[in-house]
Every structure is written in C-alpha cells, then in structure tokens.
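Engineer: Take any residue in the sequence shown, count from 1 to its spot, add 2: that is its number in this note's numbering. Even for Gly, the Cβ is constructed at its ideal location relative to N, Cα and C.
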Amino acid sequence: MSQINEVLSALQLQGNFSNIIFATLLTILAYFIAIKFYRQSGQSPWLQPVLVAALMIIAVLQIPSLDYGMYKDGTGILDFLLGTATVALAYPLYKNLPLIKANLPAIVLLIVTGGVIASSVAITFAWLFEGSTTTILSVAPKSITTPIAIGVSEAIGGLPSLTAAMVILTGIIVAVFAPWMFRMLHIDDPMIKGMVMGINGHGIGTAAAFEIDMKTGAFSALAMSLMGIYIATFLPVVLTFFVSY
C-alpha cells in the first residue's frame, strides 16, 4: 500500500480525483476536436492542434465555477505520460542510424551553435524589453522540450509556468512557419529541415516534422533530444555564473 501511495504522490494524484478526471477528459476531448479541425482544414498550419486545444481549454476555464488551479492539479498523470512518451522517438532514430552516423560532426555543430543562439536571442529580447531577472531566467530554456525546460527553469530560479508557456509558444511558431520558410528558401533536405525544427520547435516542432516525412521527423527528434541534454547541462552553470556577478 505504501508503494502505491509513493507512486500516486510522484504523479501528484493524491489530491481530488474529480480534478484528475476533469483535467484528463477536458484535455483529451479538446485535443480530439482540435485534430478533427486540423485534418478537415487540410492540415492548415494556422490550426495547429496544440494551439487550438489550448484555446479551447482556456475558454472552458473561463466558466466561473472552474479555474486554472483546479485544472493544473489534475494534470499530474498527463505530465508523467508526457515525459515517458518521448521513449517512442527511439524507433525512428534507430531506423535512420546510418545516416545519423554519417552526418554526426555536422549534427554536433548544429546543436552547439543552435543552442547558444536560441538561448542568447531569448535572453537578449527579454533584457531589451526590460524584463526582470526572473523573466530572463524563465525564457532562457524556451527551445527545449517542456519536461526538461521546466526542470531547468526551476534549477536556475525561473518561473516554470512562464517557461512552459514560452516553450509551447515557440513550438507553435516553428510548426506554423517552418514549413512555409522551407518552401520559400527551397530547402528540401530532410536532415536540415528536421534539425531546424527540433532545435527550435522541440516536441511540437517534432510532431510537425513527422507530418512532413519520417526522415525529417527522425532528425527533429534527434535534435530535440540532444538540445535537451545540452541545454540542461550547460545553461544552469552559465546563467548561475552570470547572475552571481
């Protein structure tokens, strides 16, 4: 019994189970409807399922008897599944392993430079708009997947909720505009498209990359994973050093 309680505690499920049922059903229903809209529109980039589902959930939470705190308290199991779902990305990586090995030096260079640029741009814009130190620390990890970004934000003194919002916003922007930019710039290489979407768009960008083709999705998943490791390892050290001075 104590082991069950430990698992429930880890998943934040020991609160009100009505909140859990409400939050889970609302999220699944909103995403299902958003997927239907997305497919019926011919996969319009302006109707990204994550964006549409989020807007629907926000609209529902405007009902006076509901609030965000109630919804958030019930999403523990979804947070847990979000982290474990990334394991499925190992399959497309395995299928494209020879191509990944052949381009490993270029991939490493892209990850290193892309990570520095992504964080630097976010920090610079927050500073130019006179954001507080907390705000700057919150937006710095905006280009890595949500579970890792939240952990990094907590470690460096940011606001996890603001970080999560920036991560989702960044992913939606990449999912909407990246395919259009590839067409405008006549970029057809799956590796380039995948790396760009994974470095900048993390999970949402990777989902959009898989809609292009499996190879683009595989490289996006690789970029997302490596960016998560890279940023989570070095960003807290670098920012803690600068903040201390």
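In this structure, how does DSSP classify residue 42 when only helix, strand and coil are distinguished?
Structural biologist: Of the three classes helix, strand and coil, the one that applies to residue 42 here is helix, per DSSP.
Engineer: Taking the straight line between their C-alpha atoms, what separation do you get for residue 208 and residue 219?
Structural biologist: One C-alpha to the other measures close to 6 Å.
Engineer: Whose C-beta lies closer than 7 Å to the C-beta of residue 152 among residues of the same chain, with five residues either side of it excluded?
Structural biologist: So the qualifying residues of the chain are 162, 165 and 166.
Engineer: Can you tell which of 75, 46 and 102 has its C-alpha closest to the C-alpha of residue 20?
Structural biologist: Ranking 75, 46 and 102 by Cα distance to residue 20 puts 75 first.
Engineer: Below 8 Å on the Cβ atoms is my guess for residue 241 versus residue 158; work out the distance and round it to an integer in Å.
Structural biologist: Indeed, because the Cβ distance is near 5 Å, the residues count as touching under 8 Å.
Engineer: Please list, in chain order, all residues of the same chain as residue 201 whose beta carbon is under 8 Å from its beta carbon, the five residues on each side excluded.
Structural biologist: If we look at residue 201 and ignore the five residues flanking it on each side, its Cβ neighbours are 112, 113, 116, 117, 120, 145, 225, 226 and 229.
Engineer: Can you check which of these residues, 125, 64, 193 and 56, is closest to residue 206 by C-alpha distance?
Structural biologist: Cα-wise, what sits closest to residue 206 is 56.
Engineer: Kindly list the residues whose CB is nearer than 6 Å to the CB of residue 72, restricted to its own chain and excluding five residues on each side of it in sequence; keep chain order.
Structural biologist: Closer than 6 Å at the Cβ level, and outside the excluded window around residue 72, lie 21.
Engineer: Who are the near neighbours of residue 63 in its chain, counting only those whose CB is closer than 7 Å to its CB and skipping five residues on each side?
Structural biologist: Contacts found: 69, 70 and 73.
Engineer: Can you tell which of 192, 128, 28 and 239 has the C-alpha that lies nearest to the C-alpha of residue 80?
Structural biologist: Checked all of 192, 128, 28 and 239; the closest Cα to residue 80 is 28.
Engineer: Is it buried or exposed, residue 160, if we count other Cβ atoms within 10 angstroms and call 16 or more buried?
Structural biologist: Flag for residue 160 reads buried.
Engineer: Ordered along the chain, which non-local residues of its own chain (more than five positions away) have a Cβ less than 6 Å from that of residue 40?
Structural biologist: 49 and 51.
Engineer: Helix or strand or just coil, what does DSSP make of residue 204?
Structural biologist: Here residue 204 sits in helix by DSSP.
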